[in-house]
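Let me begin by presenting the structure, written as structure tokens, before commenting on it.
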Amino acid sequence: ETGLTFTRIRPMDGKPGGQIARGGIADIDRAVSSARKAFASGIWRKKEPLEKKKIMLRWADLIRGHAEELALLETIDTGKPVMASLTVDVRLAADCIQYYAEMCDKLYDEIAPTGPNDRALVRKVPLGVIGAITPWNYPMIIETWKLGPALAAGNSVVLKPAEQSSLTAVRLAELATEAGLPDGVFNVVTGYGEEVGKALACHMDVDMIAFTGSTEVGKLIMGYAASTNLKRVALELGGKSPLIVFGDADLDAAASAVAWGCFYNSGETCHASTRLLAERGVVDALVAKIKEVTAREITLAHPLEPSAQIGALIEDAHLGKVLDMVEAGLREGAKRAFGGERVMGETGGYYVSPGVFFAPSNNASLARQEIFGPILTVIPFDGEEEAVRFANDTLYGLAGAVFTTDMSRAHRVSEDIQAGTVWINCYDLSNFATPFGGFKQSGFGRDRSVHAIDKYCDYKTIWQRFR
Ligand code: NAD
2 ETGLTFTRIR
12 PMDGKPGGQI
22 ARGGIADIDR
32 AVSSARKAFA
42 SGIWRKKEPL
52 EKKKIMLRWA
62 DLIRGHAEEL
72 ALLETIDTGK
82 PVMASLTVDV
92 RLAADCIQYY
102 AEMCDKLYDE
112 IAPTGPNDRA
122 LVRKVPLGVI
132 GAITPWNYPM
142 IIETWKLGPA
152 LAAGNSVVLK
162 PAEQSSLTAV
172 RLAELATEAG
182 LPDGVFNVVT
192 GYGEEVGKAL
202 ACHMDVDMIA
212 FTGSTEVGKL
222 IMGYAASTNL
232 KRVALELGGK
242 SPLIVFGDAD
252 LDAAASAVAW
262 GCFYNSGETC
272 HASTRLLAER
282 GVVDALVAKI
292 KEVTAREITL
302 AHPLEPSAQI
312 GALIEDAHLG
322 KVLDMVEAGL
332 REGAKRAFGG
342 ERVMGETGGY
352 YVSPGVFFAP
362 SNNASLARQE
372 IFGPILTVIP
382 FDGEEEAVRF
392 ANDTLYGLAG
402 AVFTTDMSRA
412 HRVSEDIQAG
422 TVWINCYDLS
432 NFATPFGGFK
442 QSGFGRDRSV
452 HAIDKYCDYK
462 TIWQRFR
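Residue numbers for the sequence shown follow this note's numbering, beginning at 2 and rising by one.
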């Protein structure tokens, strides 16, 4: 409405990447009212399930058909390697829309047990207007985690992407329109979190906010909902996930899982395996293997280089924050095993080498704070009880892992780790059939799987008496 824009700086080289519309309150009002109008009209929610499915499947196909364009846009915004954008982010975004498209004509309601003269239908009905507020680390993946189930359930959506990653959100919406999604069903407003994000979360005509981002902002979102219309809130927040390696584990497999689990996407992953809890006797051997895997496999390079496995951090300010946290950790007594330094500064981009640090204790700042960079913290432990205690001694509960050849112990420990996902002898394996989300201050509500539909619906009972 105002015509204002801001410049997005490219993480790959620090140069301007484009002008992004700086939305305001008036834009949120327009988007919410267009979403409400579409919902009230029934143009989407009352459409034949098979028709909805066809539109969403066409959308998934269009995402695949524009894979290279979307991958390049994602890389310009985020600095992640273009090959990762293409083979992981775009692929998973299309697969997610397809997964939920397939659910459109497979969702059943219930008939509750009653006496013979009554019939009680328990209907699962869409909530109305969903506000989705998303982060910049996996923009398209996380956006489609919200859009897929919210739209399959029949809602309208207003998406506010992170200001660092607006390009693919806008393109996804254009492709949805091309696929036949009716106007008003999916709206995007770009702009700053404290402006449009807050306006969306405070809006009196939004029924729910599906938020992914930091724990700090997640708490604000709950406050906005509480002080306005008590809209529902689902929060996918931060993490400091423990990966426990016992002395009997396959150390090669563990080293590979830790390195990829922590350094992939330059550590800008909410469930990254950032806390390595290693049984004391194997710490040195394990760290040596992590160093080997990192040097051999996790190539840090310009994101447009096809060989790059990891690229740049999201922005200058974040680069500074990561390096400051490392410095503070060293001052507290942490020891650097390798890496964790700014590199490729001559490109103008924001690159940090994968780094491993020995923390003085599980209370050290490097062991507690979410750094969101390629920084692994190593903490030795003695015995199973201490491993589990350290693993759970954190505000977060997003993910965790245990490496051991003793399957009884693997299952015992996996039950005891307080986290939404626990891996045994692997890391970061998942598919759309498994729910994803956190315990504790990692949030509540789940993305992915059939269960994600539930959070965008409510139950409605329709009771009929036969005479
Ligand atoms: P962030 O919390 O700073 O921003 C997330 C979104 O919230 C952005 O769109 C931002 O514009 C918006 N926002 C900021 N302030 C706001 C406000 N006052 N009101 C409304 N909206 C506001 O997070 P980020 O830096 O974009 O992303 C990194 C964080 O996201 C990390 O903590 C990471 O762990 C978390 N994350 C969690 C998951 C998960 O599934 N649990 C996935 C990815 C990222």
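Just so you know, even glycine gets a beta-carbon here, dropped at the ideal spot from N, CA and C.
Everything numeric in this text was worked out from a predicted model, so none of it was measured.
> At a cut-off of 7 Å, is Leu71 close to ligand 1 when judged by its beta-carbon and the heavy atoms of the ligand?
Replying inline: Incorrect: Leu71 has no Cβ contact closer than 7 Å to ligand 1.
> Does any heavy atom of ligand 1 sit closer than 7 Å to the C-beta of Thr213?
Replying inline: True, at least one ligand heavy atom lies under 7 Å from that Cβ.
> Whose CA, out of Lys441, Ala411, Phe404, Gln442, lies closest to the CA of Cys427?
Replying inline: The candidate whose alpha carbon is nearest that of Cys427 is Phe404.
>> By DSSP's criteria, Cys458 is part of a beta bridge. Which residues make up the other side?
In response: According to DSSP, Cys458 bridges with Pro127.
> For Gly398, is the beta carbon positioned less than 7 Å from some heavy atom of ligand 1?
Replying inline: Gly398: no, Cβ never under 7 Å from ligand 1.
> For Ser166 versus Val130, is the C-beta spacing smaller than 8 Å?
Replying inline: No.
>> For a test of your reading of the model: does the CB of Ser443 fall under 7 Å from any non-hydrogen atom of ligand 1? Yes or no.
In response: Ser443: yes, Cβ under 7 Å from ligand 1.
> If we ignore side chains and look at the alpha-carbon of each, how far apart do Glu144 and Ala227 end up?
Replying inline: Taking the straight line joining both Cα atoms gives about 24 Å.
> So Cys351 packs on Leu320, CB below 8 Å; how close in whole Å?
Replying inline: Checking the displayed sequence, the identity of residue 351 turns out to be Tyr instead of Cys. Correct: roughly 4 Å between the Cβ atoms.
> Which ranges does the beta strand (DSSP E) cover as unbroken runs of at least 3 residues, wholly within the segment 383 to 413, from first to last along the chain?
Replying inline: Unbroken beta strand (DSSP E) runs of no fewer than 3 residues, entirely contained in the segment 383 to 413, are found at 400 to 404, following chain order.
> Any chance the CB of Ile109 is under 7 Å from a heavy atom of ligand 1?
Replying inline: Note that residue 109 is Tyr in the sequence shown here, rather than Ile. For Tyr109, the CB stays at least 7 Å from every heavy atom of ligand 1.
> Going by C-alpha distance, which of Ala151, Ser86, Val189 is nearest Ala211?
Replying inline: Nearest of Ala151, Ser86, Val189 to Ala211, Cα basis: Ala151.
>> Can you tell me where the beta strand (DSSP E) holding Arg233 begins and where it ends?
In response: 233 to 237 is the extent of the beta strand (DSSP E) around Arg233.
> Since Trp45 contacts Gly192 with CB under 8 Å, what's their CB separation in whole angstroms?
Replying inline: Between Gly192 and Trp45 the Cβ distance is about 25 Å, and since that is not below 8 Å, they are no contact.
> When the Cα of Glu69 is compared with those of Thr88, Gly198, Arg31, Ile29, which residue comes out closest?
Replying inline: It is Thr88 whose Cα lies nearest to the Cα of Glu69.
>> Using 8 Å as the threshold, is the C-beta distance between Ser267 and Ile222 below it?
In response: For Ser267 and Ile222, no; Cβs fall outside 8 Å.
> Per DSSP, what kind of secondary structure is Tyr109 in: helix, strand or coil?
Replying inline: The three-state secondary structure of Tyr109, taken from DSSP, is coil.
> If you draw a straight line from the alpha carbon of Gly224 to that of Lys161, how long is it in whole angstroms?
Replying inline: Between Gly224 and Lys161, the C-alpha separation is close to 18 Å.
>> One question on the structure: do Glu316 and Asn138 come within less than 8 Å of each other, judged by their Cβ atoms?
In response: No, the Cβ-Cβ distance between Glu316 and Asn138 is not below 8 Å.
>> Between Ile425 and chain C, is the shortest Cβ-Cβ distance under 8 Å, so that the two count as touching?
In response: This model lacks chain C altogether; it includes just one protein chain.
>> Quick check: does the Cβ of Trp1 come within less than 7 Å of any heavy atom belonging to ligand 1?
In response: Summary: the structure shown does not reach residue 1, with the chain confined to residues 2 through 468, and so no result is reported for it.
> Phe187 lies in the beta strand (DSSP E); which residues open and close that run?
Replying inline: Taken as a continuous stretch (DSSP letters only), the beta strand (DSSP E) holding Phe187 covers 187 to 189.
> Thinking just about the alpha-carbon of each residue, which of Lys461, Pro304, Ile245 is nearest to the one in Leu74?
Replying inline: The shortest Cα separation from Leu74 among Lys461, Pro304, Ile245 belongs to Pro304.
>> Between which residues of its own chain and Gly444 is the CB-CB distance below 7 Å, once the five residues before and five after are set aside?
In response: Excluding positions up to five away in sequence, the list reads Gly219, Leu236, Glu237, Leu238, Gly438.
> What is the DSSP secondary structure of Gln419, reduced to helix, strand or coil?
Replying inline: In the structure shown, Gln419 adopts coil according to DSSP, grouped into three states.
>> Count Cβ pairs between the segment 338 to 357 and the segment 383 to 395 that sit closer than 8 Å; are there 3 or more?
In response: Touching, no.
> Ala227: beta carbon under 7 Å from a heavy atom of ligand 1?
Replying inline: Closer than 7 Å to some heavy atom of ligand 1: that does not describe the Cβ of Ala227.
> Does the beta carbon of Ala163 fall short of 7 Å from some heavy atom of ligand 1?
Replying inline: Within the cutoff, so yes.
>> ligand 2 and Pro243: does any heavy atom of the ligand fall closer than 7 Å to the residue's C-beta?
In response: With respect to small molecules bound, the structure shown includes ligand 1 and not ligand 2.
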